[in-house]
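A.B. asks: Before anything else, here's the structure in question.
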Amino acid sequence: MNLLPKSSKEFGSVDYWEKFFQQRGKKAFEWYGTYLELCGVLHKYIKPREKVLVIGCGNSELSEQLYDVGCQDIVNIDISEVVIEQMKERNASRRPQMRFLRMDMTQMEFPDGSFQVVLDKGTLDAVLTDEEEKTLQQVDRMLAEVGRVLQVGGRYLCISLAQAHVLKKAVGHFSREGWMVRVHQVANSQDQVLEAEPRFPLPVFAFIMTKFRPVPGPALQIFELCAQEQGKPVRLESAERLAEAVRERQQYAWLCSQLYRKAGLGSVSLDLCSGDTGEPRYTLHVVDSPTVKPSRDNHFAIFIIPQGRETEWLFGMEEGRKQLAVSAGFRRLITVALHRGQQYEGMDSIQAELSARVMELAPAGMPAQQQVPFLSVGGDIGIRTVQHQDCSPLSGDYVIEDVQGDDKRYFRRLIFLSNRNVVQSEARLLKDVSHRAQKKRKKDRKKQRPADTPEDLPAAPGQAIDKSYLCCEHHKAMVAGLALLRNPEMLLETPLALLVVGLGGGSLPLFVHDHFPKSCIDAVEIDPSMLEVATQWFGFSQSSRMKVHIADGLDYITSLAGGEARPRYDVIMFDVDSKDPTLGMSCPPPAFVDQPFLQKVKSILTPKGVFILNLVCRDLGLKDSVLGGLKAVFPLLYVRRIEGEVNEILFCQLHPEQTLATPELLEMARALEQTLRKPGRGWDDTYVLSDMLKTVKIV
2 MNLLPKSSKE FGSVDYWEKF FQQRGKKAFE WYGTYLELCG VLHKYIKPRE
52 KVLVIGCGNS ELSEQLYDVG CQDIVNIDIS EVVIEQMKER NASRRPQMRF
102 LRMDMTQMEF PDGSFQVVLD KGTLDAVLTD EEEKTLQQVD RMLAEVGRVL
152 QVGGRYLCIS LAQAHVLKKA VGHFSREGWM VRVHQVANSQ DQVLEAEPRF
202 PLPVFAFIMT KFRPVPGPAL QIFELCAQEQ GKPVRLESAE RLAEAVRERQ
252 QYAWLCSQLY RKAGLGSVSL DLCSGDTGEP RYTLHVVDSP TVKPSRDNHF
302 AIFIIPQGRE TEWLFGMEEG RKQLAVSAGF RRLITVALHR GQQYEGMDSI
352 QAELSARVME LAPAGMPAQQ QVPFLSVGGD IGIRTVQHQD CSPLSGDYVI
402 EDVQGDDKRY FRRLIFLSNR NVVQSEARLL KDVSHRAQKK RKKDRKKQRP
452 ADTPEDLPAA PGQAIDKSYL CCEHHKAMVA GLALLRNPEM LLETPLALLV
502 VGLGGGSLPL FVHDHFPKSC IDAVEIDPSM LEVATQWFGF SQSSRMKVHI
552 ADGLDYITSL AGGEARPRYD VIMFDVDSKD PTLGMSCPPP AFVDQPFLQK
602 VKSILTPKGV FILNLVCRDL GLKDSVLGGL KAVFPLLYVR RIEGEVNEIL
652 FCQLHPEQTL ATPELLEMAR ALEQTLRKPG RGWDDTYVLS DMLKTVKIV
């Protein structure tokens with residue numbers, strides 16, 4: 002028996018509903034959920050002694066169940082004579098005080114202010130099938146009547162799928178009247194897909210429109226959203242923002258439905274936001290591993306990424322997460338990154354907070370009542386201390402944070418919040434400072450302080466930096482490229498002129514300055530805020546051998562190349578990022594590798610010098626073009642790929658006859674390292690220069 006209309010317009014037809022209930026018979030028809038699914042929201046806004054009007058009641062059991070739990074002053078109306086007679090017969094003896102009336106809700110016969118609640122389950126959705134003028138006029142009459150029969154302080158409680166045109170109409174109408182508008186999400190897709198007969202792929206919402214007394218002047222507009230039935234309402238600034246928030250929750254429900262039905266949807270990520278503030282609190286990545294053989298216990302697991310480690314390849318890159326999922330041995334693994342600026346009490350509290358939500362992302366076939374394991378590294382959530390946060394006019398919002406690494410050492414990082422999973426600059430803190438911070442943290446734990454509160458590190462944070470240690474693999478490779486200058490054993494006694502474009506935290510030029518005592522370095526940085534950051538937080542300082550020029554690197558090099566007394570540099574290094582996230586190349590900006598500009602770079606490089614470039618390019622076609630352009634200007638070109646990262650370090654020289662075979666290159670790197678390791682010089686024993694050049698290839 003087909004009870005669906007031929008077109009959506011029939012939902013507004015009396016004849017359709019008469020026929021529907023004749024064919025349906027006495028079996029209850031529940032739009033958008035049963036009483037048990039909706040009672041949490043219903044009893045939040047309906048009190049037992051209040052007068053309730055149910056519009057478009059149909060043969061739903063909702064009124065009957067409300068009556069049975071104490072809400073006995075209920076009037077039900079419907080346009081169908083058939084269903085009204087059915088409901089009268091069904092309730093005559095068991096619920097004598099409940100009334101059923103055949104009535105058109107667009108022309109109700111009740112006096113003004115007769116009710117404290119008007120309850121609508123799916124009726125507005127059924128009437129508002131399109132945005133044609135005739136339909137909108139009918140809905141205007143319906144909503145006007147709802148407003149008329151409600152007392153001041155009364156509530157229109159509408160259960161709806163909140164389709165865009167329905168939400169727009171309802172919110173627009175009542176906000177213009179000066180009513181308070183609140184939207185509750187009352188059902189989710191997982192509840193529905195687990196049922197034997199799923200009904201709707203969209204979540205169900207309740208609109209709660211509260212009638213305020215009219216006041217002179219423009220109406221006060223209040224918009225609120227409750228993402229969970231018992232959650233606190235979040236105030237939103239506009240109807241548009243409310244619609245956007247509802248749409249986000251509909252997309253999430255659709256995603257949950259798809260993830261339940263099938264695996265292997267590709268890269269899936271989403272943010273879970275705080276119910277109190279609406280700010281992102283967790284970032285989830287769903288990783289399916291179809292090659293893992295299924296067993297009872299390996300369907301599903303959650304992996305909590307320790308704070309500060311979300312930037313690592315294993316957690317921050319899609320390929321890394323795939324490897325993690327296979328290693329963990331689960332068919333579906335959800336990685337969870339914790340957001341800076343949020344407070345977390347520990348693994349147990351995170352598990353309690355996430356358990357219900359992540360179950361919505363579980364795959365099909367998982368045994369009922371199965372415990373889902375929460376995994377992590379070392380069993381804790383890591384330590385992240387935000388030391389400083391500011392906004393640069395050029396680079397945008399940024400944060401300086403200290404995080405605990407794998408070996409319990411602490412590291413300081415510069416993060417641009419426009420690209421929050423990329424470490425812009427990093428330095429290791431000295432052990433004694435880390436130890437003091439750790440001792441203080443243990444004291445704080447006894448006071449039950451949150452994990453994300455600032456530590457009392459030294460007043461001059463830059464003094465805490467271990468300047469002998471290079472954190473970034475691409476910086477290590479760039480320094481190893483100095484072996485290409487020949488006679489490496491003499492470099493410490495040889496005057497070297499270097500130009501470094503891109504300062505960041507200053508780790509790269511500072512390392513060269515400290516380890517090559519005859520070097521003179523010009524560092525160019527476009528953003529003056531970064532010089533302040535490097536100086537205050539990363540131990541950077543200028544000297545007679547280290548000068549920082551606040552300028553655009555393009556303009557600076559163009560000026561040098563066009564000057565009469567053109568300087569010559571033994572080494573030129575580019576480590577400069579692009580501010581445009583839409584490009585396929587994030588480092589350097591494309592203008593830095595245009596051939597006319599590369600000719601200017603060539604003109605200020607000594608004949609046997611080396612031009613070293615950090616390239617981050619995901620667009621393979623663009624990368625080939627960049628390599629071709631570099632090769633045209635610098636005939637000798639080596640490439641060194643950084644394992645586990647997108648970075649590639651390019652070493653460019655002018656004369657192909659200088660080409661070194663790999664054994665020669667490694668021997669020169671060893672000779673340079675031996676010179677740098679001499680007694681009295683600080684050197685990181687884990688830094689092996691020759692290892693940085695083992696995988697170098699000639700283009």
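To convert, take the position in the sequence shown, counting from 1, and add 1; that gives our numbering. Ideal placement from N, C-alpha and C gives every residue a C-beta, glycine not left out.
Residue 128 and residue 160: beta carbons closer than 8 Å?
C.D. replies: For the purposes of this step, residue 128 is taken as the residue at position 127 of the sequence shown. For the purposes of this step, residue 160 is taken as the residue at position 159 of the sequence shown. Contact flag unset, no.
A.B. asks: How would you call residue 701, buried or exposed, if buried means at least 16 neighbouring beta carbons within 10 angstroms?
C.D. replies: Nothing about residue 701 can be reported from this structure: the residues present for the chain run from 2 to 700 only.
A.B. asks: On the DSSP letters alone, give me the boundaries of the beta strand (DSSP E) that residue 212 sits inside.
C.D. replies: Within the sequence shown, the letter at position 211 stands for residue 212. Neither: residue 212 is in no beta strand (DSSP E) and is coded neither H nor E.
A.B. asks: Would you identify the three-state DSSP class for residue 116, choosing helix, strand or coil?
C.D. replies: The residue labelled residue 116 in the question sits at position 115 within the sequence shown. In the structure shown, residue 116 sits in a strand (DSSP, three-state: E or B).
A.B. asks: With 16 as the cutoff for other CB atoms within 10 Å, does residue 693 come out buried or exposed?
C.D. replies: In the sequence shown, residue 693 corresponds to position 692, counting from 1. Burial call: buried.
A.B. asks: Return the CA-CA distance between residue 685 and residue 368, expressed in angstroms with no decimal places.
C.D. replies: Along the sequence shown, read from residue 1 onward, the residue named residue 685 stands at position 684. Along the sequence shown, read from residue 1 onward, the residue named residue 368 stands at position 367. Each residue's Cα considered, the two are about 51 Å apart.
A.B. asks: Decide if residue 699 is buried, meaning its Cβ has at least 16 other Cβ atoms within 10 Å, or exposed.
C.D. replies: The sequence position of residue 699 within the sequence shown is 698, counting from 1. Its Cβ having fewer than 16 others within 10 Å, residue 699 is exposed.
A.B. asks: Please identify the residue among 282, 478, 635 whose C-alpha is closest to the C-alpha of residue 339.
C.D. replies: Locating residue 339 in the sequence shown gives position 338, where the first residue counts as 1. Comparing Cα positions, the closest option is 282.
A.B. asks: If we count Cβ pairs, one from each stretch, closer than 8 Å, do we get three or more for the segment 284 to 302 versus the segment 382 to 401?
C.D. replies: The segment 284 to 302 vs the segment 382 to 401: no contact.
A.B. asks: At which residue ranges does the segment 638 to 693 contain complete beta strand (DSSP E) runs of 3 or more residues, listed in the order of the chain?
C.D. replies: As far as the segment 638 to 693 is concerned, its whole beta strand (DSSP E) runs of at least 3 residues are 648 to 654.
A.B. asks: If you draw a straight line from the C-alpha of residue 599 to the C-alpha of residue 634, how long is it?
C.D. replies: Stepping through the sequence shown from its first residue, residue 599 is reached at position 598. Stepping through the sequence shown from its first residue, residue 634 is reached at position 633. Approximately 7 Å, taken between the alpha carbons.
A.B. asks: If you draw a straight line from the alpha carbon of residue 512 to that of residue 471, how long is it in whole angstroms?
C.D. replies: Position 511 of the sequence shown, counted from the start, is the residue given in the question as residue 512. Position 470 of the sequence shown, counted from the start, is the residue given in the question as residue 471. So the alpha carbons of these two residues sit roughly 8 Å apart.
A.B. asks: I need the straight-line Cα distance from residue 485 to residue 577, nearest angstrom please.
C.D. replies: Taking the first residue of the sequence shown as 1, we reach residue 485 at position 484. Taking the first residue of the sequence shown as 1, we reach residue 577 at position 576. Answer to the nearest angstrom: the Cα atoms are 22 Å apart.
A.B. asks: With burial defined as no fewer than 16 other Cβ atoms inside 10 Å of the residue's Cβ, what is the status of residue 436: buried or exposed?
C.D. replies: As a position in the sequence shown, residue 436 is number 435, starting the count at 1. Because the pLDDT at residue 436 is just 46, under 50, the model does not fix this residue reliably, and the point stays unresolved.
A.B. asks: Taking the Cβ atom as the reference point for each residue, do residue 551 and residue 605 lie within a distance shorter than 8 Å?
C.D. replies: Counting from 1 along the sequence shown, the entry for residue 551 is found at position 550. Counting from 1 along the sequence shown, the entry for residue 605 is found at position 604. Cβ distance not < 8 Å, so residue 551 and residue 605 don't count as in contact.
A.B. asks: Between which residues of its own chain and residue 157 is the CB-CB distance below 6 Å, once the five residues before and five after are set aside?
C.D. replies: Along the sequence shown, read from residue 1 onward, the residue named residue 157 stands at position 156. Answer for residue 157: 119, 147, 210, listed in chain order.
A.B. asks: Any contact of the segment 35 to 47 with the segment 169 to 180, i.e. 3+ C-beta pairs under 8 Å?
C.D. replies: Touching, no, given that fewer than three Cβ pairs across the two stretches are closer than 8 Å.
A.B. asks: Which two residues bound the contiguous beta strand (DSSP E) that contains residue 273?
C.D. replies: What you label residue 273 is simply residue 272 of the sequence shown in a count that begins at 1. Element bounds for residue 273: 269 to 274.
A.B. asks: Based on Cα-Cα distance, which residue from 385, 626, 570 lies nearest to residue 497?
C.D. replies: As a first step, residue 497 must be located in the sequence shown, where it is residue number 496. Among 385, 626, 570, the Cα nearest to that of residue 497 belongs to 570.
A.B. asks: If you drop the 5 nearest sequence neighbours on each side, which residues of the same chain put their C-beta closer than 6 Å to that of residue 54?
C.D. replies: Within the sequence shown, numbered from 1, the residue matching residue 54 stands at position 53. Excluding residues within five positions, the ones whose Cβ falls inside 6 Å are 76, 116, 119.
A.B. asks: Counting only runs that start and end within the segment 523 to 584, where is the beta strand (DSSP E) found for 3 or more residues in a row?
C.D. replies: For the segment 523 to 584, whole beta strand (DSSP E) runs of length 3 or above, ordered along the chain, are 547 to 551, 570 to 575.
A.B. asks: With three or more beta-carbon pairs closer than 8 Å as the criterion, would you say the segment 54 to 73 touches the segment 235 to 249?
C.D. replies: Not touching, per the Cβ criterion.
A.B. asks: Excluding sequence positions up to five away, which residues of its chain have a Cβ less than 8 Å from the Cβ of residue 669?
C.D. replies: What you label residue 669 is simply residue 668 of the sequence shown in a count that begins at 1. Hits under 8 Å: 484, 485, 487, 489, 661.
A.B. asks: Where does residue 242 sit, in a helix, a strand or coil, going by DSSP?
C.D. replies: In the sequence shown, residue 242 corresponds to position 241, counting from 1. The answer is helix: DSSP assigns residue 242 an H, G or I state.
A.B. asks: Take residue 149 and list the residues in its own chain whose beta-carbon comes closer than 7 Å to its own, dropping the five residues that flank it on each side.
C.D. replies: Mapped onto the sequence shown, residue 149 falls at position 148. 113.
A.B. asks: Pick from 96, 87, 469, 38: whose alpha carbon is nearest that of residue 65?
C.D. replies: Residue mapping note: residue 65 aligns to position 64 of the sequence shown, counting from 1. The shortest Cα separation from residue 65 among 96, 87, 469, 38 belongs to 96.
A.B. asks: Hey, how far is the Cα of residue 9 from the Cα of residue 130?
C.D. replies: Translated into positions along the sequence shown, residue 9 becomes position 8. Translated into positions along the sequence shown, residue 130 becomes position 129. Note that residue 9 has pLDDT 44, beneath the 50 cutoff, so the model's placement of it is unreliable and the number below is only indicative. Taking the straight line joining both Cα atoms gives about 6 Å.
A.B. asks: What is the C-beta distance between residue 256 and residue 269, in whole angstroms, given that I count them as a contact (C-beta under 8 Å)?
C.D. replies: The sequence position of residue 256 within the sequence shown is 255, counting from 1. The sequence position of residue 269 within the sequence shown is 268, counting from 1. With a Cβ gap of about 7 Å, residue 256 and residue 269 count as contacting.
A.B. asks: DSSP state of residue 34, grouped into three classes?
C.D. replies: Translated into the one-based positions of the sequence shown, residue 34 becomes position 33. Coil.
A.B. asks: How many angstroms separate the CA atom of residue 331 from the CA atom of residue 99?
C.D. replies: Locating residue 331 in the sequence shown gives position 330, counting from the first residue. Locating residue 99 in the sequence shown gives position 98, counting from the first residue. In a straight line, the C-alpha of residue 331 is about 54 Å away from that of residue 99.
A.B. asks: Give the secondary structure of residue 606 by DSSP, where H, G and I count as helix, E and B as strand, and everything else as coil.
C.D. replies: By one-based count along the sequence shown, residue 606 stands at place 605. Residue state, collapsed to three classes: strand.
A.B. asks: Whole-angstrom Cβ separation of residue 690 and residue 481, contact assumed at under 8 Å?
C.D. replies: Translated into positions along the sequence shown, residue 690 becomes position 689. Translated into positions along the sequence shown, residue 481 becomes position 480. Contact holds; Cβ gap of about 5 Å.
A.B. asks: Taking 8 Å as the threshold (C-beta atoms), are residue 393 and residue 530 in contact?
C.D. replies: Taking the first residue of the sequence shown as 1, we reach residue 530 at position 529. Taking the first residue of the sequence shown as 1, we reach residue 393 at position 392. Yes.
A.B. asks: How is residue 40 classed by DSSP in three states: helix, strand or coil?
C.D. replies: Taking the first residue of the sequence shown as 1, we reach residue 40 at position 39. Residue 40: helix per DSSP, three-state reduction.
A.B. asks: Find the nearest neighbour of residue 357 within the set 373, 343, 348, judged by alpha-carbon distance.
C.D. replies: Counting from 1 along the sequence shown, the entry for residue 357 is found at position 356. Checked all of 373, 343, 348; the closest Cα to residue 357 is 373.
A.B. asks: Check whether the Cβ atoms of residue 614 and residue 653 lie closer than 8 Å to each other.
C.D. replies: Locating residue 614 in the sequence shown gives position 613, counting from the first residue. Locating residue 653 in the sequence shown gives position 652, counting from the first residue. Their beta carbons are under 8 Å apart, which means residue 614 touches residue 653 by this criterion.
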